[in-house]
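These notes are about the structure you will find just below.
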Amino acid sequence: MSGHHVCATLFAVPPELPVIVDESGRSLHGTVGPYDEGSRLTLLCRVKGGKPSPVLTWKRNGSDFPTKTLTSVAGDVKQSKLTLSSLQRNDLMATYTCVSSNNVSTPMEVSVTLELNLAPTSVQIRKSEAPISSGLTAEILCEVWGSRPPPEITWWKSSEQLNQTFVHVSQDGNLTTSVVAFSPQRSDNGQMLVCRAQNPRLRNSAREDQWELSVHYKPRVQLRLGHQMSFDNIRERTDVTFQCVIDANPPVEEVQWMFNGRELRPAPTAAEMLGAKRPTRNNLVIRNIGTSHSGNYSCLGANSEGVGSSAEVNIHVKHSPVCRSHQRVVYTAARAEEVDVSCEVEAHPAAVTFLWLFNSSLQSHQLDSVHWNGTQSTARYAAHSTDDYGTLLCWARNEVGRQEQPCVFLVVPQGTRLQLSDETLLTMLISAVTVLFLLPLCIIIALRLRNKRNDEEGVKIGPEARTNGVCLPFTWSMVEGPETPKSSNHHQSQQQQQSQPHAGSKSGCGKGAHSNGKADDYWISRETTT
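Mapping to this note's numbering: the sequence shown position 223 is 245, numbers consecutive.
This is the structure:
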């Protein structure tokens with residue numbers, strides 16, 4: 023059979039190897055980057071030639087990557103554009119592969135692996151369970167997770183930067199540990215300790231953790247006076263409040279009060295006898311203060327860090343003059359013989375003036391021949407007749423007031439023989455007469471003070487105070503009233519002897535503190551340390 027036959031021959035041409043480039047046309051291969059977390063990345067896969075025209079596809083970590091790509095052709099170059107709008111943490115070390123294939127040749131591919139800059143994901147200070155003590159070195163640990171490369175870590179105490187002493191990066195680079203060592207001080211209590219981490223390659227990547235420091239330190243104690251009083255102007259018969267101001271962490275559990283170096287230990291309350299915890303008492307109130315309360319006071323507090331004590335404060339109670347004990351009270355003189363009768367008082371302040379009176383059943387007059395030096399006065403007296411023998415009364419006055427009871431002296435004729443018992447009896451008789459003379463006045467004063475008693479809340483804590491087993495001349499009580507009047511010389515001497523500590527006493531000095539059976543009033547408020 024004759025005719026014309028046409029034979030068409032098709033030639034298959036494989037494409038060249040594909041390449042991956044960035045938007046600037048720079049060729050990429052292997053591990054590329056690092057790229058910032060959250061940034062946009064565009065990968066271009068290009069292949070030249072090939073018949074039939076190759077098909078370009080993308081894979082991620084060996085699996086098909088279902089994402090939109092843009093394919094274009096320019097001459098014999100075919101291009102596929104892959105855009106990652108925001109790189110995420112899971113893109114770290116991810117491999118993106120471009121595959122070029124047609125139906126007549128073996129597929130060819132090219133891959134890149136992404137390196138990223140990652141911000142820290144977590145910053146945590148490992149807070150110590152053990153307390154931080156003032157003056158002792160403390161080591162604090164901070165862990166930072168997720169930063170790539172490892173972060174820069176800084177430590178701050180308020181606005182002060184601390185130098186880290188140790189840093190360690192885990193094998194996989196995901197955990198960085200920093201340690202700071204410093205010696206906290208009392209002033210650091212309540213300050214913020216900050217661990218701050220930042221990837222130096224990423225802006226705005228800083229993260230931090232804060233810890234409010236609780237620095238333990240032993241108490242700092244200060245003794246103050248309440249009610250706008252001053253230590254150098256405390257007058258008798260006033261109420262005085264001592265405030266023990268304590269700065270301590272942890273708070274003190276008990277406040278101790280000291281008088282002349284010995285502890286004032288109040289008797290337990292009924293609740294405490296049943297096992298209740300004694301409240302912390304920060305105020306010491308002395309009601310109706312007297313001269314027996316003069317001395318050195320201090321307070322102290324203790325916590326787990328140690329004991330802190332206030333400076334001793336000396337209290338010298340200002341009081342009107344009183345007769346000094348153990349003075350000569352009986353003078354013998356011949357008629358018209360001049361005798362110097364000496365009168366000495368105790369007073370604070372010691373600047374005093376004196377007044378002398380002669381007193382008998384027939385007459386009474388002021389003495390003019392008087393002089394004094396400090397707290398001692400001398401009256402020159404002469405009895406010119408039998409009626410001139412009798413009693414000399416001596417009063418003194420200072421800024422606090424006039425002496426309540428005079429010092430009493432007896433001038434008797436020369437040759438009068440007085441046995442010791444007779445002189446003692448005579449002195450007691452003079453004292454008794456003086457007391458009876460002033461008794462109505464004392465009763466009036468006592469009634470007025472009683473009417474002025476207030477109902478301040480407080481704790482009645484027992485009938486006596488002890489200092490390590492030794493009695494003091496005052497008690498812890500709520501008994502209110504004026505001090506026992508200091509009468510004439512002999513009576514005052516007995517009172518002062520009764521007020522002294524009795525080392526051999528088994529029951530304390532609660533009942534023997536004053537001759538009238540009443541106690542100087544010590545009281546402790548319920549206020550507690552804050």
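The beta-carbon is built from N, C-alpha and C at its ideal position, and this holds for glycine as well.
### Message
Can you find the residues in the same chain that come closer than 7 Å, C-beta to C-beta, to G412, ignoring five residues on each side of it along the sequence?
### Response
F380, N381, S382, V433
### Residue from W80, P171, V35 with nearest C-alpha to T89
W80
### Task
State the Cα-Cα distance for the pair G283 and N336, rounded to the nearest angstrom.
11 Å
### Query
Nearest-angstrom Cα distance between R257 and S205?
Their backbone Cα atoms lie some 48 Å apart in a straight line.
### Query
Hey, how far is the Cα of D410 from the Cα of P288?
55 Å
### Message
Measuring alpha carbon to alpha carbon, tell me which residue in R170, W279, P129, A203 is nearest A160.
### Response
A203
#### Entry: Contacts around Q183, its chain only, beta-carbon distance under 8 Å, and the 5 residues preceding and following it disregarded
So the list reads T176, W177, once near-sequence residues are dropped.
#### Entry: Contact belief for S316 with H338 at Cβ below 8 Å, rounded distance in angstroms
Right, their Cβ atoms sit about 5 Å apart.
### Task
Could you spell out where the beta strand (DSSP E) holding R402 opens and where it closes?
398 to 404
### Message
Quick test of the definition: if touching needs 3 or more C-beta pairs under 8 Å, does the stretch 262 to 277 touch the stretch 234 to 243?
### Response
yes
### Distance CB(Q101)-CB(L66) smaller than 7 Å
yes
#### Entry: For D98, the three-state DSSP class (helix, strand or coil)
coil
#### Entry: Whole-angstrom C-beta distance between A369 and P343, which should lie under 8 Å
4 Å
### Query
What are the boundary residues of the beta strand (DSSP E) that Y411 is part of?
Segment: none, Y411 is in no beta strand (DSSP E) and carries neither H nor E.
### Message
For A96, tell me which candidate among S75, D86, M115 has the shortest Cα-Cα distance.
### Response
Checked all of S75, D86, M115; the closest Cα to A96 is S75.
### Query
Among all the DSSP beta bridges, which residues are the ones paired with M214?
For M214, which the question treats as bridged, DSSP gives the partners E234.
### Query
Can we count A270 as close to the ligand NAP, meaning its CB is less than 6 Å from some heavy atom?
Among the components modelled here there is no ligand, and therefore nothing to report on the ligand NAP.
### Query
For H249, which residues of its own chain have a beta-carbon under 7 Å away from its beta-carbon, when the five flanking residues on both sides are left out?
T263
### Query
On the premise that P428 lies in contact with W417, defined as a C-beta separation below 8 Å, what is that separation, rounded to the nearest angstrom?
5 Å
### Message
By DSSP's criteria, M130 is part of a beta bridge. Which residues make up the other side?
### Response
S122
### Task
Give the straight-line distance between the Cα atoms of V41 and Q213, rounded to the nearest whole angstrom.
58 Å
### Query
Terminal residues of the continuous beta strand (DSSP E) containing S387?
The sequence shown places His at residue 387, rather than the Ser named in the question. Residues 386 to 388.
### Message
Helix, strand or coil, according to DSSP, for T313 in the structure here?
### Response
helix
### Task
Could you tell me which of S181, E327, N221, R424 sits nearest to T198, measuring between CA atoms?
Of the candidates S181, E327, N221, R424, N221 places its Cα closest to the Cα of T198.
### Query
How would you call E59, buried or exposed, if buried means at least 16 neighbouring beta carbons within 10 angstroms?
Classification for E59: buried.
### Message
By DSSP's criteria, A160 is part of a beta bridge. Which residues make up the other side?
### Response
F204
### Query
DSSP puts T176 in a beta bridge; with which residues?
R218
### Task
Hey, could you find the ends of the beta strand (DSSP E) K70 is sitting in?
63 to 70
### Message
Whole angstroms are fine: how far does the CA of M280 sit from the CA of C321?
### Response
Whole-angstrom Cα-Cα distance: 6 Å.
### Query
Between T375, S49, R218, which lies nearest to L200 when the distance is taken from Cα to Cα?
One point to set straight first is that residue 200 is Ser, not Leu, in the sequence displayed. Selected option, being the one with the closest Cα: R218.
### Task
Just mark P272 as buried or exposed, buried being the case when its beta carbon has 16 or more other beta carbons within 10 Å.
exposed
### Query
The beta strand (DSSP E) with K81 in it runs from where to where?
Where K81 is concerned, the enclosing beta strand (DSSP E) stretches over 77 to 82.
#### Entry: Extent of the continuous beta strand (DSSP E) run through D113
Neither: D113 is in no beta strand (DSSP E) and is coded neither H nor E.
### Message
Could you give the first and the last residue of the continuous beta strand (DSSP E) run that contains E366?
### Response
From DSSP, the beta strand (DSSP E) with E366 extends over 360 to 370.
### Query
If you draw a straight line from the alpha carbon of C345 to that of R303, how long is it in whole angstroms?
In this structure, the straight-line span from the alpha carbon of C345 to that of R303 is close to 38 Å.
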